[in-house]
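One point on numbering: in the working numbering, the residue at position 757 of the sequence shown is 1007, and numbering is uninterrupted. Below: one structure, written as structure tokens.
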Amino acid sequence: MPCAAVRHVTQASRALRQARAAMASILDEYEDSLYRSAAVQPSRGSVGIPHSGYVNARLEKETPIFNKQRIDFAPPEKINSLVVSSNQLCMSLGKDTLLRIDLGKPDEPNQVELGRKDEAKVYKMFLDHTGSHLLIALNTSECLYLNRSVQKVRALSRWKGHLIESVGWNKFLGSETNTGPILVGTAQGQIYEAEISVSEGSLFSTNPDQYFRQVYTLEEESGPAPVCCLEIERGIEGKFFIIATTRKRLFQFVGKVPEGTEQQGFSSIFAMHADHLPSFREFPANLGFSEIAFYTPKLRSNPRSFAWMMGNGVLYGTLDYSRPDSILSDERVWVYPSDIDITVNKPISIVLTQFHFLLLLPDRVKAVCTLNGQVVFQDLFLEKFGLLTRMIKDPTVQQIWIHTEKVVFRYHVQRESRDVWKMYMNMNKFDLAKEYCKDRPECLDIVLAKEAEHCFQNKRYIDSAKCYALTQNYFEEIALKFIEAKQEEALMEFLIKKLSNLKPSEKTQTTLLTTWLTELYLNWLGILEGDPSQRNLYLDTREKFRTFLSSPKNKDCLFNNRASIYELLASHGDTEHMVYFAVIMQDYERVVAHHCQHDEYDEALNVLSRHRDEKLFYKFSPVLIQHIPKKVVDAWISMGSRLDARNLIPALVNYSQSASTQQINEAIRYMEFCVYQLEETQQAIHNYLLSLYALCRPDSLLSYLEQAGTNPNRIHYDLKYALRLCAEHGHHHACVHIYKVMELYEEAVDLALQVDVDLAKSCADLPEDDEELRKKLWLKIARHVVQEEKDVKKAMACLSSCALLKIEDVLPFFPDFVTIDHFKEAICNSLEDYNKHIEELKREMEEATQSAKRIREDIQEMRNKYGSVEPQEKCAACDFPLLNRPFYLFLCGHMFHYDCLLQAVFPNLPAYKQAKLEDLQKKLAATSQPSKSHHRPKDADTISLGKGQQSREQIKADIDDIVAAECVYCGELMIRSIDKPFIDPQKYEEEMQSWL
């Protein structure tokens, strides 16, 4: 533990004590004001802050566990006996009356007469677990039977002569009409097996007792003894346990009943003990009787515990059905309280609940806790009620009934386990104590604090730390406690548990605990690392530390305070965990930088490849490619399109400038991947690949350029840069290709002629649309062939390769001394071509003459064409008679008034034609007005009229050309208006309103 941490904790402890004192004074003032406002004097300790930090406020008296209620019932005669089961209550009144009450319907009691005229009295009554079968034992050694569904009491003839002391009901085979095999104990010590059945709807009265046979006799040292109690239970694997008690002994009969023979009874179990006594417990003292009670937690489940009331006290224990020979377990005897003298006021009855057994005395009831044997409840009855007679419990509803001869009481058991936790805690059974106060945090805190203190005193420091972390005890006190005991491991456990219990909102506390734990872990690891004998402990602690660092709960806190954690790790020189922590924080930049600083380039690349962070690749690639170029390029390729190759070019440029040709190949490999696989279109990438090709791979340069194509719009490299680069390195073929792409054909041909004439020829044919340029290029080739190579045959070959060249174009290039023999064939071919061309021109002239003649005839025919109009014909637009106004007749047969046609055509004309038409109409109107001068000479008027008439006709002809160029219904105008809406969108609203 560092001194600084101890000092901080001490200071925090002092501050918290001062804060606690201030808080206590505030609470006292608040308490006084609270009670003053309520006009109530506060009781001492009623409100306060316990050491655990919880506030206990008891505002009203807590109800007792056993809450007594007197039944509003005045019996007409004294009560002899009372039994309850399954909410069915039966009581014997006086000599001959039996009262049955369904507690679900208490207002509908049922009274049955026993019909006895002798002096017989009810000795005991027995009611089965279903409340259906009632046995009434008389003091005359007779027994009566009454079923819940009938009104008549039946005598059991086979039972006569036996004073019944106890009955063991069959809870497994019994029904409402049949008891199944049951066991009956007598005052003479015999145990009988019997079965009672009621026949429904029978016309004749049959005896209800099916059989009654003796199976065993219980004895004490003085001979046969009364069978005080009988109980039948079934365990696992078909095993049955039968418990029978006398005044001083408790017998157990254990055995299996063969499957399918359960209805035959329990004779086989008792027959197993015919030759020897069964196992039993015996106590010397004697009450003159004994009684056993059982606690069953749930309906139709097996009992869990028992309490046997006998002379020496109460034998209490649990029932373990897995044991082979005895069902009784964890037995102990609780002696009677000191105020009970069995010679004077012996207990009468016993009832068992989950944590208490109740003893019935003549004038009171005592409840004793089964955990510590202490009396926790005592209820004294008034003398006016008379002596208490019997106490029984209804196992189905867990209600306790007590009666005297005149009064009936009922106890309700409420929250019986409320204080059990204290008892278990005082017994150091902390797990059980926590189980019974898990829904009461203030009690759970007390138990945890007690358990923590117990573990600390027994030097179980780790367990103590775990418990202390769950309490509300003051943090600094607990921390100092472990520090003073020099238990750093326990302190770490305490801090870890405390940290896990903090809420997300408690960020300050989380930060302090996290930082402190980191410091403790580093100290502890530093101590263990230097001790070889503690290697296993070191590895275990290291794993715990790493788990702590990688915990999702601590992630946000560690991330927000990672600078402090890095400083702690650095101060301890723990680079291993610094890297581990950086990985957890996803601070991969720090991890990669660490590996690079230690020349661990492969590890650095592995981190980059694993986490695939593009920014880290850009940052560290210049370093890594200098040392492991092939692996780096492989990593780049594996990243695919996630990396922007433009950001990696600087790393490649620095690398390629200082590397050999073989290493430059790695840069080319990645650039080719980007171009051919990723189909990158960035100009910088293509330019850099070009530069690498020009520098190291001239063979690949031309193939790359050809693959890129000749369309400048689809080429991704810079043409001018590529041209300059290729020219600097003397790659003429590549330059020619670039010239061709740039459509600089003259430069391409000029450069190609320096390399190869055939290459120049391929360039000369490229400008297909420009014959003049093509001819010019071929002339350059011909001149080169003639003047430079002086090869006449090649020059003649140029004539055959290009149809644009003629012999007369090439002749000026030849020297004067060349003989005509070399051109004889070429000249003849040229003359023949000229003759053919002349013949073609003559034929075309004749065809043109014939076409002109036919056109003139068609025009004359059209001028003489006419149509007839009937008087009844109407305008196709307005449907009025056609002959009333000027009109137009079209070849298609449609006829329109002039103004109707103008109105239909004008909106569909282009703007310039509309303007021209309006201008013509104005001119036409102007020519129609008479002259204002009345003194002109006659000859002048004649001349003016002639000019005006000629002008008017021309204007009308121009208007006709615009308006009547085609039929408005059959011409292009109708086709163009097919998508025009019927109603103008601008007038749609107006038109719609007009229809409303």
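In this text, a Cβ means the ideal position worked out from N, Cα and C, and glycines have one as well.
Exercise for the section: Give me whichever residues DSSP pairs with TRP584 in a beta bridge. Expected result: Per DSSP, VAL564.
Handout entry: Cβ neighbours of MET675 in the same chain (closer than 6 Å, five flanking residues each side left out)
Key = ALA683, VAL697, LYS700
Problem - Other residues of its chain near GLY430: CB distance less than 6 Å, five sequence neighbours each side excluded - result: So the qualifying residues of the chain are ASN420, LEU423, GLY424.
Practice task
Excluding the 5 residues preceding and the 5 following LEU630 in the sequence, name in chain order all residues of the same chain whose CB lies nearer than 8 Å to its CB.
Solution key: ASP613, ARG614
Exercise for the section: Taking all protein chains shown into account, decide if VAL882 is buried (16 or more other Cβ within 10 angstroms of its Cβ) or exposed. Expected result: Burial of VAL882 is indicated by the presence of at least 16 other C-beta atoms within 10 angstroms of its C-beta.
Exercise for the section: Report yes if the CB atom of TYR989 is closer than 9 Å to the CB atom of LEU1009, and no otherwise. Expected result: no
Problem - Backbone CA spacing between PRO574 and ARG665 [nearest angstrom] - result: 35 Å
Handout entry: DSSP beta-bridge partners of CYS619
Key = HIS606
Practice task
Tell me, please, whether the segment 1126–1137 touches the segment 1107–1114 by the rule of three or more beta-carbon pairs shorter than 8 Å.
Solution key: no
Exercise for the section: Name the two residues that bound the continuous alpha helix (DSSP H) containing ALA543. Expected result: Taken as a continuous stretch (DSSP letters only), ALA543 belongs to no alpha helix (DSSP H), being part of the beta strand (DSSP E) at 541–545.
Handout entry: Residue closest to ASN961, alpha-carbon to alpha-carbon, out of HIS981, GLU483, VAL991, GLN932
Key = VAL991
Handout entry: ASP1210 versus LEU1223 - alpha carbon distance
Key = 16 Å
Handout entry: Those residues which DSSP pairs with TYR494 across a bridge
Key = It is Ala, not Tyr, that sits at residue 494 in the sequence shown. Bridge partners of ALA494: LEU480, PHE501.
Practice task
Determine the contact status of ALA947 and ILE918, defining contact as a CB-CB distance below 9 Å.
Solution key: Correcting the residue identity first, residue 947 is Arg in this sequence and not Ala. Yes; because the gap between Cβ atoms is below 9 Å, this pair is in contact.
Handout entry: Exposed unless 16 or more other CB atoms sit within 10 angstroms - verdict on THR931
Key = exposed
Handout entry: beta strand (DSSP E) segment containing THR467, residue limits
Key = Boundaries of the beta strand (DSSP E) harbouring THR467: 459–467, taken from the DSSP string.
Handout entry: Assigned secondary structure, SER1194 (DSSP; H/G/I helix, E/B strand, else coil)
Key = Because SER1194 carries a pLDDT of 42, less than 50, the predicted location of this residue cannot be relied on, and no value is offered for it.
Exercise for the section: Measure the C-alpha to C-alpha separation of VAL594 and LEU611 and round it to an integer number of angstroms. Expected result: 11 Å
Practice task
Look up MET835 in the DSSP assignment and say whether it is helix, strand or coil.
Solution key: coil
Exercise for the section: Using beta-carbon positions only, say whether TYR851 and HIS877 come within less than 9 Å of one another. Expected result: yes
Handout entry: Environment of LEU745 [buried if 16+ CB atoms lie within 10 Å]
Key = buried
Handout entry: Residue interval of the beta strand (DSSP E) (run including HIS653)
Key = 649–653
Exercise for the section: List the endpoints of the continuous beta strand (DSSP E) containing LEU1139. Expected result: 1137–1139
Practice task
Please report how far the alpha carbon of ILE1193 lies from the alpha carbon of CYS1142, in whole angstroms.
Solution key: With a pLDDT of only 40 at ILE1193, under 50, the local geometry of the prediction cannot be trusted, and no value is derived from it.
Practice task
Label ALA289 either buried or exposed according to how many other C-beta atoms from any shown protein chain fall within 10 Å of its C-beta, with 16 as the threshold for buried.
Solution key: With a pLDDT of only 32 at ALA289, under 50, the local geometry of the prediction cannot be trusted, and the value read off the model is given with reservation. The residue is exposed, with fewer than 16 neighbouring Cβ atoms inside 10 Å.
Exercise for the section: Quick one: which unbroken alpha helix (DSSP H) runs of 4-plus residues sit fully inside the segment 774–823? Chain order, please. Expected result: Fully enclosed alpha helix (DSSP H) runs of 4 or longer: 785–800, 802–810, 812–821.
Handout entry: ARG484 beta carbon less than 9 Å from that of GLY538
Key = no
Problem - For ASP352, the first and last residue of its enclosing beta strand (DSSP E) - result: Start and end: 347–352.
Handout entry: Segments assigned alpha helix (DSSP H), at least 4 residues, entirely inside the segment 645–717
Key = 670–676, 680–685, 691–707
Handout entry: C-beta neighbour in chain D for ARG792, strict 9 Å
Key = In the structure shown, chain D cannot be found, because there is only a single protein chain.
Exercise for the section: Would you check if the distance between the CB atom of THR467 and the CB atom of ILE441 is smaller than 9 Å? Expected result: Contact check for THR467 against ILE441 passes: the beta carbons are separated by less than 9 Å.
Problem - From LEU767, THR791, PHE323, residue whose alpha carbon lies closest to that of CYS807 - result: For the set LEU767, THR791, PHE323, the Cα lying nearest the Cα of CYS807 is the one of LEU767.
Practice task
Report the rounded CA-to-CA distance for THR639 versus GLU487, giving the unit in angstroms.
Solution key: The alpha-carbon separation between THR639 and GLU487 amounts to approximately 41 Å.
Practice task
Spell out the partners DSSP gives LEU384 in its beta bridges.
Solution key: LEU377, LEU396
Handout entry: Extent of the continuous beta strand (DSSP E) to which VAL434 belongs
Key = VAL434 -> beta strand (DSSP E) spans 432–436.
Practice task
Give the DSSP bridge partners of GLU443, in chain order.
Solution key: Among the bridge pairs identified by DSSP, GLU443 is matched with LEU433, ARG463.
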